[in-house]
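To start, the structure itself, in structure tokens.
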Amino acid sequence: MIKLTSNLISCFFRHNWVSRCIDARFAIFWVLFASSLAVLRNLGHTAIHYWDEGFHAIVARNLLKHPLTFTLYDQPWLPYDYKGWGANHIWLHKPPLAMWKIAFSYWTLGVNTFALRLPSAILATIAIWITYRIATDLFDRRAGIIAAFLQGFNPFLFGSIHGYNYSDHIDIALLFWVEVSCWLLIQAIRGDALRLHVLCGIAQGLAYLSKSYLALITFGIAIAVWGAKRTKMLNLQDGRIRIYDIAVQLLSAILTVIPWVVYCLIKHPKEYIWEHKRVLDHLSTDVESWGATWDRPIFDYMIQFYPVIYTVVIGAVLCLVLTTFKNRSFGEFFIVAWVVGVIVPHSFALTKTPSATMIVTPAMVICISVIISRSWRKNDWIYTASWFALTLSTVIIKGGKSLVKGRDQFDKLNKLAPYLETNFWIIKQFLMFGVVLGGLFLCHRLTHRFRWQKWVWLFLRFSVLGISIFYAKGYIDSSTTVTNRNVNHPLYQAIGEKIRTDFADNACFFLDHSDYG
60 MIKLTSNLIS CFFRHNWVSR CIDARFAIFW VLFASSLAVL RNLGHTAIHY WDEGFHAIVA
120 RNLLKHPLTF TLYDQPWLPY DYKGWGANHI WLHKPPLAMW KIAFSYWTLG VNTFALRLPS
180 AILATIAIWI TYRIATDLFD RRAGIIAAFL QGFNPFLFGS IHGYNYSDHI DIALLFWVEV
240 SCWLLIQAIR GDALRLHVLC GIAQGLAYLS KSYLALITFG IAIAVWGAKR TKMLNLQDGR
300 IRIYDIAVQL LSAILTVIPW VVYCLIKHPK EYIWEHKRVL DHLSTDVESW GATWDRPIFD
360 YMIQFYPVIY TVVIGAVLCL VLTTFKNRSF GEFFIVAWVV GVIVPHSFAL TKTPSATMIV
420 TPAMVICISV IISRSWRKND WIYTASWFAL TLSTVIIKGG KSLVKGRDQF DKLNKLAPYL
480 ETNFWIIKQF LMFGVVLGGL FLCHRLTHRF RWQKWVWLFL RFSVLGISIF YAKGYIDSST
540 TVTNRNVNHP LYQAIGEKIR TDFADNACFF LDHSDYG
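To convert, take the position in the sequence shown, counting from 1, and add 59; that gives the numbering used here.
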């Protein structure tokens, strides 16, 4: 940890460090090493949570017996409704890829909770490196290191890896393949290589096989980049993208997905069609009481991803949106398109789940990392002012945690913005940000002719760096709090072992037990 800290601090102080790849290699190594050690701590805790980890664990275990037939209740002794994914026989509530990974882990390490969660830990760690590569390719290595650090200790990702959050390992698999496809898209646009567009499409197909239509974000970014290039909104000098390239991506994705779709339509048509319909119902129907007003993702769910620093992250996104119109650079446009392409559709869909915006995490942390990185460039006072104003506003106005009391606190959808009203501290912090930024702008106008003004901005940089290090500690503490939970149910483990050793493989148990979850 000492080596990690020294390498991270050197990213700020050494202006010529970008050309010294060895520093970047050491820094990203220690970020990956520290994050993986943290996430592996208590990974095998024995509490399998009912929503949704328990279902994924059972379906993956049954795949060891029949890898192509996804079942929840392998032998349905009682009548069941094929529309009820919580008590079904054929289980197609989620696409197959994440469950296949867990089943392979079971086959390798045995059926246990560590094997259940290990694939998520591995994919999440690799995703940190991909975030570093995306930020480095689009901006610079300093931004890449900061973004990797913020994603490597993201508390919500830790909660999903450890099975505490809804959709757990499914969302981690989706995040990984979306990141892979986005990185390949960047390489394809800049390298103008058809094979990279094909690989990008395959990665999108694998993302779809992880969690359905949310995988289309990369396709949406590609269309946005093409449209911006055509309308001269984007100055894409070092690459190109054509409709033909996008068509190749789409075709590659379809060819990746189509075998599974055809198999399901032949073997289990009614289950597949029903589950597919329910996915589309999320747009206009309150599915499983997850319906919410437009403001819940931004003013409730996403706060869980970035505790303590939430307003700083959102403010950095807004700053990058403004600079995108000014600079018309590919990197800024790509990241902003990623953020908008996830948050806006999810805000307007009627059904909203806590983890649906997880795939925007890399783009969000890259936004704040770019603002911080550019603050240390000569004459880029506006980034220093933005970083300082955002951070100071979080110091002055108390916040950083959602005040929503529970999932169903607001059971009516006819209110305008109940979550904004509940977490109004976000608006207060942004108002304070505007006041502080205005004061800094005035200060710059009054002092820009004096030589000593550079020392003022240097003082601000080191001041906000000190505050940010303090907040970084709180951010890391939020992630380690997840692993410290270490929830265990020794009785459940003992019962499971006794059933496996003392009863026949086809034994059936009927339980009348209300204590689930």
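Every residue, glycine too, gets a C-beta built ideally from N, C-alpha and C. Here the structure is a predicted model, which is why all the values come from computation and not from measurement.
Original post:
For residue 350, does the three-state DSSP call read helix, strand or coil?
Top reply: Residue 350: strand per DSSP, three-state reduction.
Subject >> Cβ-based burial, residue 415 [other Cβ within 10 Å; buried from 16] >> reply: Under this definition residue 415 is a buried residue.
**OP:** Write down the C-beta distance between residue 359 and residue 424 rounded to the nearest angstrom, noting that I regard them as a contact closer than 8 angstroms.
**Re:** Contact doesn't hold; Cβ gap of about 19 angstroms is too wide.
Original post:
Where does residue 410 fall in DSSP's three states?
Top reply: The answer is strand: DSSP assigns residue 410 an E or B state.
**OP:** Determine the burial state of residue 562: buried for a count of at least 16 other Cβ atoms within 10 Å of its Cβ, exposed for fewer.
**Re:** Exposed, because fewer than 16 other Cβ atoms sit within 10 Å of the Cβ of residue 562.
Original post:
How many angstroms separate the CA atom of residue 371 from the CA atom of residue 303?
Top reply: CA-to-CA, the gap between residue 371 and residue 303 works out to about 39 angstroms.
**OP:** Can you have a look at residue 498 and say buried or exposed, based on whether 16 or more other CB atoms are within 10 angstroms of its CB?
**Re:** Its Cβ having fewer than 16 others within 10 Å, residue 498 is exposed.
Original post:
In terms of residue numbering, what span does the alpha helix (DSSP H) encompassing residue 496 cover?
Top reply: Per DSSP, residue 496 belongs to the alpha helix (DSSP H) from 484-506.
Original post:
Between 343, 239, 346, which lies nearest to residue 188 when the distance is taken from Cα to Cα?
Top reply: Among 343, 239, 346, the Cα nearest to that of residue 188 belongs to 239.
**OP:** Pull up the distance between the alpha-carbon of residue 100 and that of residue 117, whole angstroms please.
**Re:** Cα-Cα distance, rounded: 23 angstroms.
**OP:** Consult DSSP for residue 290 and reduce its assignment to one of helix, strand or coil.
**Re:** Residue state, collapsed to three classes: coil.
Subject >> residue 172 (DSSP reduced to helix, strand or coil) >> reply: Reduced to three states, the DSSP call for residue 172 is helix.
Original post:
Beta-carbon of residue 431 versus every beta-carbon of chain C: anything under 8 angstroms?
Top reply: This model lacks chain C altogether, as it is built from one protein chain only.
Original post:
Expressed to the nearest angstrom, what Euclidean distance is found between the alpha-carbon atoms of residue 103 and residue 158?
Top reply: Those two C-alpha atoms are separated by around 18 angstroms.
**OP:** May I have a chain-ordered list of the beta strand (DSSP E) segments no shorter than 3 residues that lie completely inside the stretch 262-325?
**Re:** Entirely contained in the stretch 262-325, not one beta strand (DSSP E) run reaches 3 residues.
Subject >> DSSP state of residue 130 mapped onto helix, strand, coil >> reply: Of the three classes helix, strand and coil, the one that applies to residue 130 here is strand, per DSSP.
**OP:** May I ask which residues mark the beginning and end of the alpha helix (DSSP H) holding residue 217?
**Re:** Residue 217: member of the alpha helix (DSSP H) spanning 214-220, first to last residue.
Original post:
Which residue from 210, 352, 253, 289 puts its Cα closest to that of residue 408?
Top reply: If we check each option's Cα against that of residue 408, 352 comes out closest.
Subject >> Euclidean distance between Cα positions of residue 271 and residue 154 >> reply: Each residue's alpha carbon lies about 7 angstroms from the other.
Original post:
Taking just the CA atoms, how far does residue 221 sit from residue 254?
Top reply: Taking C-alpha positions only, residue 254 is separated from residue 221 by approximately 36 angstroms.
Original post:
Could you give the distance in angstroms between the alpha-carbon of residue 190 and the alpha-carbon of residue 389?
Top reply: Between residue 190 and residue 389, the C-alpha separation is close to 17 angstroms.
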